[in-house]
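Novice: Quick one: this structure, given as structure tokens, is what I'll be asking you about.
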Amino acid sequence: MKQKLFALFVIATLFLSACGATAGGGGSTQGPIKIGGGFALTGAESSLDLPAANGAKLAVKEINAAGGVLGRQIDFIVHDTKYDMSVTAQVAKQFVEQDKVVAVVGFTDSDSVLASGPTIQSAGLPFIIAGATSPKLPAQIGDMLFFACFGDNVQAAVGAEYGFKNYGKTAYLLWDKGVEYTTLLGGYFKSRFTELGGTLALEDTYEDNATDFSAQIAKVKALPQQPDFYFISAMPYNVGPVVKQFRDAGLTGPIIGGDGYDTPDILSVAGPASENVFFTTHALMDTTGGTEGIKKFIAAYNKEYGHDPENAFAALGYDSVYLLADAIKRAGSTDAQAIKKALEATSNFPGITGAITLGADAHIPRKGVTMIAIKDGKFTLGAELVPEKVPAP
Amino acid sequence: MSPQAQGPIWERAAGPLVAVLALVILLALLQVTGLAFWQGLVINLGIFLILVLSLNLSNGFTGVFSLGHIGFMALGAYASAILTLPLREKQEYLPNLPAWMAGIHFDFRVGSFPLGFLVATVIAAFLVSLVALLVGLVLMRLSGHFVAVATLGFLVIVRVLLFNADNLTRGSRTFSNVTPYTNLWWVWAWALLTIYIVWRIKRSPFGRAMFAQREDRWAAQSIGIEVMSPRLLAFVVSAFFTAVAGSLYAHFITSFSPTVFYFDLTFKVITMLVVGGMGSVSGSVVGTVLVVGLTEVLRRIEDPSQLYGMSGIVLAILFILIIIFRREGLLGQREIALDRWFMKGGGTGSEQQITNAE
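From first to last, the protein sequence lines are chains A and B.
With my numbering, letter number 45 in the first sequence gets 88, and the count goes up by one each step, no holes.
With my numbering, letter number 91 in the second sequence gets 1588, and the count goes up by one each step, no holes.
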């Protein structure tokens, strides 16, 4: 008897989850426009995805307050993927089949895009990536994928050119070999730097969960002559310790990195060691040093959530929703192919993270890159740069 | 352990056959509706079922608590994915494969049946079983806490190996573009096979030896029951099916990296195992269905209520409650005896009189 009760309970549980399935969407020309928001709000990627989701929700709120798009309000359906790839794949199917969205926005990492992309592509829906930067994704997923951010080959090229022009022809390259993003970033840097004529005095790697970098530092110190600068491709959780240990060992040369450095941890962990550190990112989130658009965004974010945006990914989430809304407006409808054509025709869209221009063969925007210099324990604007040449993905 | 039902074979087989038939009808209905979301959920359920049953065979039957089984899943996933990757993708994504491997591509079909997928899965699982045999010869001498820690070490070793063998596995970079062969039928065919084999092992002399030395290793040895062979058999067979689950998972999710096969997944599977009952095949089914269903229900509640992370907390509380109040799990070592459903008088005894080994 007990076993039958258990069986009944189990079946009831499954049916309950069936009840959660929303009914079929409203007519495609009336009623709210449904947009899906896929973010890893819990899990290891949440420090980037949560601000992105907040930025996106803020954008939806502002657009709706101004009358919506094509006279219709946006219904922004956010699902937490928990940074679990099976759940991410399921969430993509949920967006397509149950929520019946017209487009999907989200994600700041390439793995989640790879897990959810195929489903959204075969459903023929536009998919705007907020912050994943691997330039191989459009070829891997398909033509419905669009980026609101630049690709890693772009930011690595900027880092290589900046280092070459300002500091010199010899560099040291160190990267985290446990993560795809840092491995690819290091590879693109090496490719562009050697193309410019620079030479790598030394290349080295470390484990993703490393806390002690003395082995790598010892090899650098053993070099007969210190290189002109150090390019360290690191994840946000390693950046602070790496920079601090390098400085503590007496290596005071300039350190250049990618958008993994865009975290408050680098200042709190490395402290004064973070002087003379430069990194490429999507925007400078600063009320004094940032652009007008950024300042307005910071104020609005503060008003909505009670604190400053944590990092530039909040601004990227904001931009990806506005980019999509702009495309829907220009397309004049929510038809997927019309939105796709409108996205491909985007020219100098005034995103707060930079002007976005897309094309039929360029789903990753040719965007400006913000080079941030850390001075006096603060992020300051180093330069706004566009790379002269970009390594192939 | 419940006594085996006595009676003519057609009466004993009727119950399970009806259950299998019901499952086939359900799957066919699901397939026809074309709802990828529900199909995905049922596929996930099937893959977890294979994982939990395999872990039950190793941990529940023999009492040897292995924390490293997901290492076998990882090896199975990578091995089968490398084998089925078509030639063109192999050259593009794995350019540094050794020459003899670069030519192998099990992506052939017989008609529309992907025979290559089956061959690759079996070969991968077989290779992983060999690894399990070697590892088991060493580790199955340990018991209790020691084997738990040692197998955890195995899990970490597998992960580091996969990260560093980047000519074969692309290292930290996502292994993608795997052909999505997995569907409802593959998963549940393998799941039914796993249920059948684990069930038969439980009812066999080997199975009884496993349960005997689970309770008290010294008492079992003192009356002549071998400890090493049953343990090793359980370890190797469970590694085989865990690797099969890995292959099914790889060809379902189509892109993965070594980080997927680590502690998170290990603890999910252990939760399902403990909730269902360590030592009970039907317990594994119940536990898996319950946890997967509950996770999905909670996820549906999380999103609108914005209580993100709640599902993890609820499952953890459920786990703790089970450990405190019902340590043996929901079903303990008892079974839902399908083979008695159609028997007059319930075979040698009705369900209520199943002897409890606890």
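Positions of the beta carbon are idealized from the N, C-alpha and C atoms, including for glycine.
#1: Here's a check: name, in chain order, each residue in its chain whose Cβ is nearer than 7 Å to the Cβ of L1649/B, leaving out the five neighbours to either side.
#2: Could you give the distance in angstroms between the alpha-carbon of S1474/B and the alpha-carbon of T162/A?
#3: For T213/A, which beta-bridge partners are listed by DSSP?
#4: Are the CB atoms of F1603/B and G1613/B within a distance shorter than 8 Å?
#5: Where does the unbroken beta strand (DSSP E) through T324/A begin, and where does it stop?
#6: Using the beta-carbon of each residue, which ones in chain A are nearer than 7 Å to V1607/B?
#7: Taking CB distances under 8 Å as the criterion, tell me whether H122/A reaches chain B.
#8: Out of Y273/A, A261/A, D219/A, point me to the one whose CA is closest to N209/A's CA.
#9: Output needed for A1645/B: all residues of its chain with C-beta closer than 6 Å, excluding positions within five of it in sequence on either side, in chain order.
#10: Mind pulling the alpha helix (DSSP H) runs of 4 or more residues that sit fully within the segment 270-343 of chain A?
#11: Would D154/A count as contacting chain B if we go by Cβ distances under 8 Å?
#12: Give the straight-line distance between the Cα atoms of K212/A and L1584/B, rounded to the nearest whole angstrom.
#13: Using a Cβ-Cβ distance cut-off of 8 Å, determine whether P161/A contacts chain B.
#14: I'd like the span of the beta strand (DSSP E) that includes E427/A, first residue to last.
#15: Between F232/A and S153/A, what straight-line distance do the alpha-carbon atoms span, to the nearest angstrom?
#16: If you follow the beta strand (DSSP E) that P408/A is part of, which residue opens it and which one closes it?
#17: I'd like the span of the alpha helix (DSSP H) that includes T1671/B, first residue to last.
#18: Does Q183/A pass the burial test, meaning 16 or more other C-beta atoms within 10 Å, or should it be called exposed?
#19: Report the residue from G81/A, I309/A, H325/A whose alpha carbon sits nearest the alpha carbon of T124/A.
#20: To which residues does DSSP link Y249/A through a beta bridge?
#21: When the cut-off is 8 Å and only beta carbons count, does Y1863/B lie next to chain A?
#22: Can you say whether T423/A is buried or exposed, counting buried as having 16 or more other CB atoms within 10 angstroms of its CB?
#23: Cα-Cα, which of G411/A, K418/A, G420/A, S376/A is closest to A200/A?
#24: When you check each C-beta in the segment 1778-1803 of chain B against every C-beta of chain A, which residues fall closer than 7 Å?
#25: Among Q73/A, V139/A, S257/A, whose alpha-carbon lies nearest the alpha-carbon of Q288/A?
#26: My understanding is that D194/A touches P393/A, with C-beta atoms under 8 Å, so please give their C-beta distance in whole angstroms.
#27: Looking at A1688/B and L1546/B, is the spacing between their C-beta atoms short of 8 Å?
#28: Tell me whether Y1693/B is buried or exposed, calling it buried when 16 or more other Cβ atoms sit within 10 Å of its Cβ.
#29: Measuring only the C-alpha atoms, how far is A403/A from Q380/A?
#30: From the DSSP output, read off the bridge partner residues of I417/A.
#31: Given that a residue counts as buried once 16 or more other Cβ atoms are within 10 Å of its Cβ, and exposed if not, what is R1697/B?
#32: Comparing alpha-carbon positions, which option in P279/A, F150/A, V145/A, D419/A lies nearest I117/A?
#33: If you count every other CB in all the chains shown that lies within 10 Å of the CB of I1720/B, and 16 or more means buried, which is it?
#34: Using the Cβ count rule (16 or more neighbours within 10 Å means buried), how would you classify H1748/B?
#35: Closer than 8 Å between beta carbons: that is the criterion. Which residues of the segment 258-281 of chain A meet it against chain B?
#36: Reducing DSSP to helix, strand and coil, say where V130/A ends up.
Specialist: Reading off the structure:
#1: L1564, G1565
#2: A question about residue 1474/B goes unanswered here, because the residues of chain B that appear run from 1498 up to 1855.
#3: T242/A
#4: yes
#5: 320-324
#6: Per Cβ cutoff of 7 Å: no residues; V1607/B is ~26 Å from chain A at best.
#7: yes
#8: Y273/A
#9: F1562, L1564
#10: 279-291, 308-313
#11: yes
#12: 41 Å
#13: yes
#14: 421-428
#15: 19 Å
#16: Counting along the chain, P408/A falls outside any beta strand (DSSP E), and DSSP gives it neither H nor E.
#17: Here T1671/B belongs to no alpha helix (DSSP H), and DSSP marks it neither H nor E.
#18: buried
#19: G81/A
#20: D219/A
#21: Shown here, chain B extends from 1498 to 1855; a query on residue 1863/B therefore has no answer.
#22: exposed
#23: G411/A
#24: V1783, V1786, L1787, G1790, L1791, E1793, V1794, R1797, E1799, D1800
#25: S257/A
#26: The residue asked about is misnamed: residue 194/A is Gly in this sequence, not Asp. That pair is no contact at about 20 Å.
#27: yes
#28: exposed
#29: 13 Å
#30: V320/A, F422/A
#31: exposed
#32: V145/A
#33: exposed
#34: buried
#35: none
#36: helix
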